[in-house]
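**Q** Input: one structure, supplied below.
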Amino acid sequence: MKDDQLSPRRRVLLRAAAVLGLATVAGCAGTEGPATPGPTATGGPPAGGPQAARALKPSAYRLRPIAGSGPQRHTRALSHVRKAPILRMPGRDRSMVLTFDDGPDPRYTPGILRTLRRYDVRAMFFVCGEMAADSPDLLREMADDGHVIGNHTWSHPLLPRLGRATMREEIERTCDVIEEVTGMPPEWFRAPYGAWNRNAFQLGAQLGMEPLAWTVDTLDWTEPGARTIVRRVRAGAGPGVVVLSHDAGGDRSGSVEALRSYLPELLDSGYRITLPHPHLT
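Just so we're aligned, residue 57 is where the sequence shown starts under the numbering used here, counting upward by one.
Here is the structure:
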């Protein structure tokens, strides 16, 4: 997550992730449609970095049965195990959700937080555990401002390539960091690259998290410039839309600048930027 340049090998990985992510969602949805109505997420996968160099340590955030023994910091009902991620929010009112992946990054996240604060807007931040562990103050700032903090794994791997135990460790470690810093465990989970499989849905649900994808991909991970990002948000705006942007994983100055333009435009157009409720039906 800390590499700013896309190497040829990483570009190949991103292309492979896009195909695998779409194929995985399609396969999971074969017997059951999305949990909420809406079009399939558009655009390519979000940017992600290589797997973390540091070894994964044992996590204290273990999956426990409902009646399991041992102390629990928070007791929550298990989420329904979905076969496809949520792509948009239900309802026909002019509300939208803004989401930012891969951070927090001290170079770009503060600018996004300042703009959201200026317009008294709440957003969702799907954080990578290794980034959150390096910037706990930014994680606290997100929570203090009322933003929703979601789980985006520890090191942004391609989940379908991981065994269940390794995947579980990636997700649990990030739950640990979020809860230790903010006092609350995450209620939302997003698979890196949008690549889901059965294990990802099951593990997320067992940890009490709902799987959220997106409706509009700004493709800001390709660093197209602020004007292009603004144009894509304008074109995709609509009731229940979930917008995907990034606050880390590369040069995100365009994403920071774009938010300063399209957020007041959306508000002036009558859109309400809102947060989703977990355990949607």
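We treat Cβ as the ideally placed atom computed from N, Cα and C, and that holds for glycine.
Drop a sphere of 10 angstroms on the beta-carbon of residue 324, count the other beta-carbons inside from all chains shown, and report buried for 16 or more, exposed for fewer.
**A** Counting Cβ neighbours within 10 Å, residue 324 comes out exposed, since fewer than 16 surround it.
**Q** Taking the alpha carbon of residue 137 as the reference point, which residue from 260, 322 and 274 has its own alpha carbon closest?
**A** Comparing Cα-Cα distances from residue 137 to each of 260, 322 and 274, the minimum goes to 260.
**Q** Ends of the alpha helix (DSSP H) at residue 168?
**A** Where residue 168 is concerned, the enclosing alpha helix (DSSP H) stretches over 165-174.
**Q** Helix, strand or coil: which one does DSSP assign to residue 177?
**A** Correct three-state label for residue 177: coil.
**Q** Which of the three DSSP states, helix, strand or coil, is assigned to residue 2?
**A** Nothing about residue 2 can be reported from this structure: the residues present for the chain run from 57 to 337 only.
**Q** Taking C-alpha atoms, which residue in 146, 228 and 166 lies nearest to residue 262?
**A** Measuring from the Cα of residue 262, the nearest candidate turns out to be 228.
**Q** Going by DSSP in three states, residue 243 sits in which element: helix, strand or coil?
**A** Reduced to three states, the DSSP call for residue 243 is coil.
**Q** Indicate the three-state DSSP secondary structure (helix, strand or coil) for residue 149 in the structure shown.
**A** The answer is coil: DSSP assigns residue 149 none of H, G, I, E or B.
**Q** Measuring only the C-alpha atoms, how far is residue 192 from residue 182?
**A** Taking the straight line from one Cα to the other gives about 14 Å.
**Q** Where does residue 288 land, buried or exposed, given buried means 16+ other C-beta within 10 angstroms?
**A** Classification for residue 288: buried.
**Q** Quick one: using the 10 Å Cβ neighbour count with 16 as the cut-off for buried, is residue 292 buried or exposed?
**A** Buried: at least 16 other Cβ atoms inside 10 Å.
**Q** What is the rounded straight-line gap between the Cα of residue 240 and the Cα of residue 313?
**A** Those two C-alpha atoms are separated by around 30 Å.
**Q** How big is the Cα-Cα spacing for residue 281 and residue 310?
**A** Near 5 Å, if we compare the C-alpha coordinates of residue 310 and residue 281.
**Q** CA-CA distance, residue 330 and residue 244?
**A** Distance between the alpha carbons of residue 330 and residue 244: 15 Å.
**Q** How many angstroms separate the CA atom of residue 150 from the CA atom of residue 326?
**A** One C-alpha to the other measures close to 7 Å.
**Q** Taking buried to mean at least 16 other C-beta atoms within 10 Å of its own C-beta, is residue 224 buried or exposed?
**A** Answer is buried; the Cβ neighbour count reaches 16.
**Q** Tell me whether residue 213 sits in a helix, a strand or coil according to DSSP, three-state version.
**A** Looking at residue 213 - three-state DSSP - the assignment turns out to be coil, as it is neither helix nor strand.
**Q** Would you mind working out which of 296, 174, 318 and 279 sits nearest residue 268, comparing C-alpha positions?
**A** Measuring from the Cα of residue 268, the nearest candidate turns out to be 296.
**Q** Among the residues of its own chain, which have a CB less than 7 Å from the CB of residue 265, if the five just before and after it don't count?
**A** Excluding positions up to five away in sequence, the list reads 135, 207, 242, 243, 244 and 245.
**Q** Going straight from the alpha carbon of residue 105 to that of residue 148, what length do you get?
**A** Low confidence applies here, because residue 105 scores a pLDDT of 39, under 50, leaving its location unreliable and the question unanswered by this model.
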